[in-house]
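S.K.: Below is the structure I would like to discuss, written out as structure tokens.
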Amino acid sequence: MIETRALGCRAGTFALHDVSVTLPGGAWGIVLGPAGAGKTTLLETIAGVRRVQSGSVLLRGDDVTHVAPEHRSLGIVYQQGYLFPHLSVDENIRYGTRDVAWADTMADRLGASALRDRAVQTLSGGERQVVALARALAPRPDILLLDEPFAALDPRRRTHVRRVLRALQRELGMTVLHVTHDFAEAGTLGDYAILLEGGRVIQSGPPAELFRRPATAAVAEFLGAENVFAGQAHVVSRAEQDGLDTVRFSVGALSLIAVGEYTSRASHAVIRGEDIVLARTRPGPSSARNVIDGTVVEVAMEGSLARVTVDVGGLPLVAMLTSGSAAELGLREGVAVVATVKAPAVHLC
Amino acid sequence: MNHRTSHRIATSGVALGSLMLLALLVLPVGMLVMRGGVDGVRQLGSDPELRASLALTAFTATAATMITVLLGTPLAWLLARGRMPAGTLVSALLDLPLLIPHPVAGIALLLAFGRASPIGGTLERAGLALVGSPFAIGLAMLFVAAPLYVSAAREAIARVDHRYESVARTLGDSPWRAAWRVTRPLSSRGLLAAGVVMWARAVSEFGAIVILTYNPKVVSILSYDRFNAYGLDAALPVAAVLVLLALVPLLVLRSLRAHAALGEPVR
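Chains as they are written, first to last, in my numbering: chain A, 19 to 367; chain B, 105 to 371.
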């Protein structure tokens with residue numbers, strides 16, 4: 019388990035403020051946030067290589083705030099790898115352990131064995147990352163701190179290393195705290211996500227919760243929500259049993275029905291692009307509460323997905339479709355479409 | 105005046121200024137070596153006093169440098185990593201010997217370690233008289249040159265990203281062990297260069313040594329002594345030998361810089 023209580027730490031002009039997070043033992047935690055949010059500082063403070071100014075750090079339930087890093091039984095992998103350039107790859111991997119067999123196993127499983135005879139200086143960025151991961155795992159830590167460890171890996175190797183690490187984490191019951199900018203990675207690997215900004219925790223919870231129900235419009239935009247509208251929410255009806263009120267959100271020509279525990283006030287509506295269904299004609303009777311007419315203004319292909327921007331009375335509504343669906347519907351600029359959104363997919367914040 | 109003409113004038117002015125400064129620095133030393141170099145090298149074979157003086161200078165400078173490397177490298181690490189309490193004050197104090205005239209440094213050393221001082225008096229009663237001994241020469245060399253070593257070593261260590269040490273710590277190393285296993289090898293070229301600079305400075309020291317120990321004579325004092333006693337022609341070969349002795353570490357340093365990116369940070 020990793021826990022921080024009201025953690026404060028200063029790193030030059032930057033500071034962490036009152037950071038309280040709890041990651042259960044054996045979980046994979048994701049730390050998200052813009053550049054300069056304090057993600058690396060948080061990892062370094064947990065590792066003990068940065069001095070805590072206030073609050074406390076608990077590992078495995080024990081207060082380790084004043085325990086030296088070498089006695090915390092954890093591993094850290096930085097984005098740059100920080101392989102020791104005066105040592106060989108093999109010496110790097112075995113640096114922190116006497117258990118050579120286990121170090122060799124880690125190197126094998128991560129695909130670093132073939133690199134053992136190479137000089138550190140000749141390794142590519144991705145190869146360095148793999149060796150750095152093997153080096154961190156060689157002393158059998160039960161807590162692993164990862165600072166964008168897959169950033170320099172090519173897509174094939176990234177998939178392999180992610181899979182191996184996930185398997186190792188489950189086999190060994192490791193607790194992992196992982197800084198990433200890759201939302202897909204966060205969704206795939208993470209059991210728990212922490213969003214930092216300006217040295218503070220803005221939101222934390224299961225990744226799906228963060229992506230589906232961002233706390234603020236800024237969080238929604240940072241997490242890549244395609245549609246964030248500023249407008250006015252009015253409670254239409256109060257639920258008596260399930261606590262979910264029906265709310266109408268209005269901005270310009272766009273009117274949306276949402277359900278949840280909301281109040282009548284100025285707010286933001288967030289809709290993820292993949293929650294919008296597009297059709298060429300109005301559907302028949304349907305359970306969807308939001309049926310919106312519009313005109314396609316742009317179709318942009320993003321790999322296997324199509325990003326379709328629909329003009330709704332001057333407001334852009336972005337839907338994410340498979341490129342096959344977009345082709346079957348014949349979507350192109352100027353085509354009239356009907357967008358359908360279920361009320362629970364509209365999140366107000 | 106068009107842009108190209110003004111650019112040419114500026115370039116010519118800079119080139120001329122650089123040449124003048126270079127001539128000012130190289131000319132006296134060059135003339136000294138040209139006039140006394142051959143005689144100095146020849147005299148090494150026939151002048152036992154010069155040979156003894158040269159050996160004494162090299163020995164005391166080496167001893168002072170080795171002691172400083174031993175004591176000054178951990179201090180430089182503490183300063184570079186911001187682990188030294190009142191680090192700014194300590195840095196300022198370390199620079200102090202560089203700022204005072206060297207004869208004044210000699211007087212200060214005499215006050216602290218002379219016969220009349222508690223330390224000097226105790227040592228003399230124990231049979232170890234500092235003043236007038238090679239120990240005092242080494243002490244004077246250390247006093248004036250050690251700040252150069254600590255300062256350069258601190259820079260060399262600071263160029264090594266502290267995260268190498270952080271990684272080593274999470275792999276089980278104590279702070280000193282991480283510094284020894286990781287930072288020391290990564291900063292070794294810079295540390296060697298710092299040692300070379302200190303050694304060269306120690307070899308050429310005169311002002312502080314002349315106050316503490318006139319005899320036995322280091323090369324700088326021997327050169328001064330012969331100039332006073334016998335005039336320029338007698339002093340020239342000795343002075344040229346001193347210049348050649350200081351030139352050796354300088355060439356080593358340049359060679360190090362040519363073979364490796366000495367000033368590049370290790371990231």
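Positions of the beta carbon are idealized from the N, C-alpha and C atoms, including for glycine.
Going along chain B, which residues have a C-beta under 9 Å from E166 of chain A?
M.R.: Start at 1 with the first residue of the first sequence, and residue 166 of chain A comes out as number 148. Correct list: empty, because the minimum Cβ distance to chain B is about 14 Å.
S.K.: Counting C-beta neighbours from all protein chains within 10 Å, is the total for W280 of chain B 16 or more, i.e. buried, or is it exposed?
M.R.: Locating residue 280 of chain B in the second sequence gives position 176, where the first residue counts as 1. With fewer than 16 Cβ atoms within 10 Å of its Cβ, W280 of chain B is classed as exposed.
S.K.: Entirely within the stretch 167-246 of chain B and at least 4 residues each: give me those alpha helix (DSSP H) ranges in chain order.
M.R.: Runs of the alpha helix (DSSP H) inside the stretch 167-246 of chain B: 191-203, 206-217, 222-229.
S.K.: Tell me N308 of chain A's beta-bridge partners as DSSP assigns them.
M.R.: Taking the first sequence and counting its residues from 1, the one referred to as residue 308 of chain A is at position 290. A:V359.
S.K.: Comparing the C-beta of A184 of chain B with each C-beta of chain A, is any distance below 9 Å?
M.R.: By one-based count along the second sequence, residue 184 of chain B stands at place 80. So, not an interface residue.
S.K.: By the criterion of Cβ-Cβ separation under 9 Å, what are the contact partners of L290 of chain B in chain A?
M.R.: Here the question's residue 290 of chain B lines up with position 186 in the second sequence. Ordered by position in chain A, the residues that pass the 9 Å Cβ test against L290 of chain B are F102, P103, H104.
S.K.: For A156 of chain A and A185 of chain A, which I take to be in contact (beta-carbon distance under 8 Å), what is that distance rounded to the nearest angstrom?
M.R.: Here residue 156 of chain A refers to the residue found at position 138 when the first sequence is read from its first residue. Here residue 185 of chain A refers to the residue found at position 167 when the first sequence is read from its first residue. That belief does not hold up - the Cβ atoms of A156 of chain A and A185 of chain A are roughly 17 Å apart, past 8 Å.
S.K.: Show which residues of chain A have a CB atom less than 7 Å away from the CB atom of G191 of chain B.
M.R.: By one-based count along the second sequence, residue 191 of chain B stands at place 87. In chain order: nothing, as chain A lies at least about 15 Å away.
S.K.: Could you give the distance in angstroms between the alpha-carbon of E368 of chain B and the alpha-carbon of G270 of chain A?
M.R.: Your numbering for residue 368 of chain B matches position 264 in the second sequence. Your numbering for residue 270 of chain A matches position 252 in the first sequence. Annotation note: pLDDT 44 at E368 of chain B (below 50); position unreliable, no value reported.
S.K.: Would you check if the distance between the CB atom of I161 of chain A and the CB atom of L92 of chain A is smaller than 9 Å?
M.R.: For the purposes of this step, residue 161 of chain A is taken as the residue at position 143 of the first sequence. For the purposes of this step, residue 92 of chain A is taken as the residue at position 74 of the first sequence. Going by C-beta atoms, I161 of chain A is nearer than 9 Å to L92 of chain A.
S.K.: Report buried or exposed for S150 of chain B, applying the criterion of at least 16 other Cβ atoms within 10 angstroms of its Cβ.
M.R.: Position 46 of the second sequence, counting from 1, holds the residue named residue 150 of chain B. Exposed: under 16 other Cβ atoms inside 10 Å.
S.K.: Have a look at A:R112, A:R116, A:F102 and flag the residue whose alpha-carbon is nearest the alpha-carbon of Q139 of chain A.
M.R.: The count along the first sequence starts at 1 and reaches residue 139 of chain A at position 121. The shortest Cα separation from Q139 of chain A among A:R112, A:R116, A:F102 belongs to A:F102.
S.K.: Measure the alpha-carbon distance for D80 of chain A versus G342 of chain A and round it to whole angstroms.
M.R.: For this step, residue 80 of chain A is matched to residue 62 along the first sequence. For this step, residue 342 of chain A is matched to residue 324 along the first sequence. For D80 of chain A and G342 of chain A, the distance between alpha carbons rounds to 53 Å.
S.K.: Identify the contact partners of Y268 of chain B in chain A, using a Cβ-Cβ distance below 8 Å as the criterion.
M.R.: By one-based count along the second sequence, residue 268 of chain B stands at place 164. Correct list: Y100, F102.
S.K.: What residues are listed by DSSP as bridge partners for F168 of chain A?
M.R.: As a first step, residue 168 of chain A is located in the first sequence; it is residue number 150 there, counting from the start. Bridge partners of F168 of chain A: none, in fact.
S.K.: Check the Cβ-Cβ distances between G294 of chain B and every residue of chain E, and say whether any is below 9 Å.
M.R.: The displayed structure is made up of protein chains A and B, and chain E is not among them.
S.K.: Say yes only if the C-beta of I111 of chain A is nearer than 8 Å to one or more non-hydrogen atoms of the ligand MN, and no if none qualify.
M.R.: Here there are no bound small molecules, and the ligand MN is not part of this structure.
S.K.: Anything in the stretch 236-257 of chain A with a Cβ closer than 8 Å to a Cβ of chain B? List those residues in chain order, please.
M.R.: So nothing in the stretch comes that close.
S.K.: Could you tell me which chain B residues have their CB closer than 7 Å to the CB of V412 of chain A, listed as they occur along the chain?
M.R.: What is shown of chain A runs 19 to 367, which leaves residue 412 of chain A out entirely.
S.K.: Which same chain residues end up closer than 7 Å to V342 of chain B when comparing Cβ atoms and leaving out the 5 residues on each side of it in sequence?
M.R.: Here the question's residue 342 of chain B lines up with position 238 in the second sequence. Within the same chain, V342 of chain B has close Cβ partners G144, L154, V323, L326, S327, R330.
S.K.: Tell me whether R28 of chain A sits in a helix, a strand or coil according to DSSP, three-state version.
M.R.: Here residue 28 of chain A is taken as the residue at index 10 of the first sequence, counted from 1. Three-state result, R28 of chain A: strand.
S.K.: Taking the C-alpha atoms as reference points, what is the distance between Y113 of chain A and A154 of chain A?
M.R.: Walking along the first sequence from the start, residue 113 of chain A turns up at place 95. Walking along the first sequence from the start, residue 154 of chain A turns up at place 136. Roughly 9 Å between the two C-alpha positions.
S.K.: Compare the Cα-Cα distances from S291 of chain B to each of B:V307, B:I261, B:G311, B:E309 and report the closest residue.
M.R.: Counted from its first residue, the second sequence places residue 291 of chain B at position 187. The shortest Cα separation from S291 of chain B among B:V307, B:I261, B:G311, B:E309 belongs to B:I261.
S.K.: A233 of chain A and C367 of chain A - do their beta-carbons sit closer together than 9 Å?
M.R.: Sequence index remark: in the first sequence, residue 367 of chain A carries index 349 (1-based). Sequence index remark: in the first sequence, residue 233 of chain A carries index 215 (1-based). Taking 9 Å as the Cβ cut-off, C367 of chain A and A233 of chain A qualify as a contacting pair.
S.K.: Taking A306 of chain B and T177 of chain B to be in contact with their CB atoms under 8 Å, please state how far apart those CB atoms are, rounded to whole angstroms.
M.R.: By one-based count along the second sequence, residue 306 of chain B stands at place 202. By one-based count along the second sequence, residue 177 of chain B stands at place 73. The Cβ separation is near 17 Å, so there is no contact.
S.K.: Give, in chain order, every residue of the stretch 59-73 of chain A whose Cβ lies closer than 8 Å to some Cβ of chain B.
M.R.: Per Cβ criterion, the list reads E62, A65, G66, V67.
S.K.: Quick one: does R231 of chain A have its CB under 9 Å from some CB of chain B?
M.R.: In the first sequence, counting from the first residue as 1, residue 231 of chain A sits at position 213. No, R231 of chain A does not count as interfacial toward chain B.
S.K.: In chain B, which residues lie less than 7 Å from L92 of chain A when you measure between Cβ atoms?
M.R.: Sequence index remark: in the first sequence, residue 92 of chain A carries index 74 (1-based). T274, listed in chain order.
S.K.: At the 9 Å Cβ level, is A154 of chain A part of the contact set with chain B, yes or no?
M.R.: Taking the first residue of the first sequence as position 1, residue 154 of chain A is located at position 136. Closer than 9 Å to some Cβ of chain B, the Cβ of A154 of chain A qualifies, so yes.
S.K.: Looking at chain B, is there any beta carbon in it that lies within less than 9 Å of the beta carbon of T348 of chain A?
M.R.: Here residue 348 of chain A corresponds to residue number 330 of the first sequence, with the count starting at 1. The sequence given here has Gly at residue 348 of chain A, not Thr. So, not an interface residue.
S.K.: For F217 of chain B, which residues from the same chain have a beta carbon less than 6 Å from its beta carbon, with the 5 sequence-adjacent residues on both sides left out?
M.R.: Numbered from its first residue, the second sequence carries residue 217 of chain B at position 113. If we look at F217 of chain B and ignore the five residues flanking it on each side, its Cβ neighbours are I223, G224, L234.
S.K.: Would you please state the rounded distance, in angstroms, between the beta carbons of A209 of chain B and A312 of chain B? I believe it to be under 8 Å.
M.R.: Position 105 of the second sequence, counting from 1, holds the residue named residue 209 of chain B. Position 208 of the second sequence, counting from 1, holds the residue named residue 312 of chain B. With a Cβ gap of about 4 Å, A209 of chain B and A312 of chain B count as contacting.
S.K.: Quick one: what does DSSP say G140 of chain B is sitting in, helix, strand or coil?
M.R.: One-based indexing of the second sequence puts residue 140 of chain B at position 36. DSSP places G140 of chain B in helix when its eight states are reduced to three.
S.K.: If you drop the 5 nearest sequence neighbours on each side, which residues of the same chain put their C-beta closer than 8 Å to that of A365 of chain B?
M.R.: Here the question's residue 365 of chain B lines up with position 261 in the second sequence. In this prediction, A365 of chain B has a pLDDT of 47, which is less than 50 and means its spatial position is unreliable; what the coordinates show is noted afterwards. Nothing listed; no residue qualifies.
S.K.: For V237 of chain A, which three-state DSSP category applies?
M.R.: Along the first sequence, one-based indexing puts residue 237 of chain A at 219. Three-state DSSP puts V237 of chain A in a helix.
S.K.: Could you compute how far the alpha carbon of S122 of chain B sits from the alpha carbon of T109 of chain B?
M.R.: The count along the second sequence starts at 1 and reaches residue 122 of chain B at position 18. The count along the second sequence starts at 1 and reaches residue 109 of chain B at position 5. About 20 Å.
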